[in-house]
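Q: Counting in my numbering, the sequence shown runs from 5 upward without gaps.
Once you've had a glance at the structure underneath, I'll fire off some questions.
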Amino acid sequence: MANLQKIEVAASRPYPVFLGVRLEDLGEYLQTRQTLGSQILVITQPVIAELHGERLAEGLKDFKVDIINVPEGEGEKSLDRLSSLTSEAVRLGVDRSTLVVALGGGVIGDLAGFFASVFMRGIRFVQVPTTLLAQVDSSIGGKVAVNHPAGKNLLGAFYPPLAVWTDFSVLASLPWNEVQNGLAETVKHALIADADLFAFLEQHQEQIKEREQGIWREMVTRSVAVKVKIVSQDEREAGIRALLNLGHSFGHALETEMEFQGISHGQGVALGIVAAAGLAQARGFITEAEVERIVQLLKSFGLKTEVYDKSAANLLHLMEADKKNQGGRKVLILPKGIGQAVVVKDCNDEEILSAWEKVIR
Ligand SMILES: NC(=O)c1ccc[n+]([C@@H]2O[C@H](COP(=O)([O-])OP(=O)(O)OC[C@H]3O[C@@H](n4cnc5c(N)ncnc54)[C@H](O)[C@@H]3O)[C@@H](O)[C@H]2O)c1
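Dropping the structure here:
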């Protein structure tokens with residue numbers, strides 16, 4: 005295929021990310037992986053199976069394919085669901101030679117990947133991401149997890165997939181609010197590591213909103229390249245991978261304050277990026293004009309750049325629970341101009357409060 009690209013991710017077990025492939029061709033690729041058995045377990049959701057399952061199944065005719073449909077929602081990334089997947093897999097005769105195919109967004113990728121990482125001490129899996137967020141972000145980097153009442157993604161592993169199989173055409177059916185979640189992460193990738201991608205997003209705002217295929221292909225490919233470059237240098241988040249959390253400390257506090265109601269993750273990240281940029285400006289890391297470019301770009305995608313009727317003190321308090329904090333100190337990722345970011349460990353509460361105040365109306 006003319007637009008097919010393959011990017012290798014360096015990891016304890018390196019794996020390829022295929023971009024611009026077709027769902028129908030996954031089977032042919034798997035035939036070349038000679039150590040696989042004949043059974044494939046597809047874990048997906050009803051809406052995705054309905055929209056795209058047939059195309060995937062078409063290429064898997066030479067395998068024994070079983071499908072498990074998981075209901076929608078973040079709540080399904082749970083130990084209960086892991087347990088029911090296990091019972092179902094045993095019933096279907098899944099063994100160590102079975103390949104799991106995670107066909108879906110980040111919820112399915114994280115859940116099916118975690119299932120694969122622990123079932124019989126680990127069976128192989130392929131990520132087939134179907135949301136923009138999953139294509140540019142969650143399918144790459146080997147993080148898999150389920151949630152626990154005590155915390156999101158609290159039980160998880162670094163478990164690289166056998167491959168990531170990315171068919172851009174599946175994104176055509178994605179609702180706009182889900183597209184926005186992926187766009188927030190794409191802006192984040194551009195901001196931390198690729199000034200040219202940032203300019204590309206600015207130049208092509210309209211075509212992106214109109215879902216112009218060629219522009220989307222380029223946007224996803226460049227965003228994937230940023231994520232691959234970072235996780236390839238730091239598989240287990242001992243250093244540079246932390247930069248991918250830009251916007252997430254502020255955003256997560258806001259999502260928590262709103263009890264995850266009426267705010268999507270992408271909207272939280274967008275607002276978090278603006279707050280982090282405000283703090284970076286106060287430190288002289290970024291100019292006012294650059295902050296304005298960030299705000300305008302996020303706004304153009306309908307992402308949140310301000311919030312109403314919130315208490316900065318309360319949001320600051322909620323940031324104390326952030327997983328990145330070290331020894332009671334808040335660890336933040338701040339942009340340094342456009343195209344670079346830094347980990348900052350010495351932000352004081354006054355600076356964080358004024359960053360919040362800049363985005364609260
Ligand atoms: N592992 C990682 O590195 C990582 C990184 C970022 C986020 N995540 C996780 O990702 C999850 C969020 O993922 P998400 O944003 O993809 O949400 P999601 O998986 O819930 O998908 C969003 C919705 O879109 C639907 N959908 C998926 N593909 C579709 C398609 N092609 N057409 C129409 N509808 C489609 C889904 O059924 C779902 O209703 C969170 O659990 C988060 O923790 C993980």
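Virtual Cβ for every residue (Gly too), placed ideally from N, Cα, C.
Source: prediction; values computed, not measured.
Let me check one thing: in DSSP terms, what residues is T170 bridge-paired to?
A: L23
Q: Measuring straight from C-alpha to C-alpha, what distance separates D353 and I244?
A: 24 angstroms
Q: Run the proximity test for V232: is its beta-carbon closer than 8 angstroms to any non-hydrogen atom belonging to ligand 1?
A: no
Q: So, V148 versus G186, is the Cβ gap smaller than 9 angstroms?
A: no
Q: Could you please give me the residues that DSSP links to H152 through a beta bridge?
A: G155
Q: Could you check the C-alpha separation between A337 and G160 for me, to the nearest Å?
A: Going by the sequence as given, residue 337 is Ile instead of Ala. Spanning the two alpha carbons is a distance of roughly 23 angstroms.
Q: Within 10 angstroms of the Cβ of N181, are there 16 or more other Cβ atoms? Answer buried if so, exposed if not.
A: exposed
Q: Compute the Euclidean distance between the alpha carbons of T190 and V235, then round it to the nearest angstrom.
A: 15 angstroms
Q: Please name the residue, chosen from Q43, V183, R95, T36, that lies closest to Y109 on a Cα-to-Cα basis.
A: The amino acid occupying residue 109 in the given sequence is Gly; Tyr does not appear at that position. The candidate whose alpha carbon is nearest that of G109 is V183.
Q: With distance defined between alpha-carbon atoms, name the residue in R215, L307, A242 nearest to F162.
A: A242
Q: For the alpha helix (DSSP H) that contains Q139, what are its first and last residues?
A: From DSSP, Q139 is part of no alpha helix (DSSP H); its letter is neither H nor E.
Q: Applying the 10 Å Cβ sphere with the 16-neighbour rule, what's the burial state of M5?
A: For M5, the predicted model reports a pLDDT of 49, less than 50, meaning its position is unreliable; a value from the coordinates is still stated below. So M5 ends up on the exposed side.
Q: Does the distance between the C-beta of V191 and the nearest non-hydrogen atom of ligand 1 fall short of 8 angstroms?
A: no
Q: How big is the Cα-Cα spacing for R297 and L86?
A: 43 angstroms
Q: Count the other C-beta atoms from every protein chain shown that fall within 10 angstroms of the C-beta of L83, then say buried if there are 16 or more, exposed otherwise.
A: exposed
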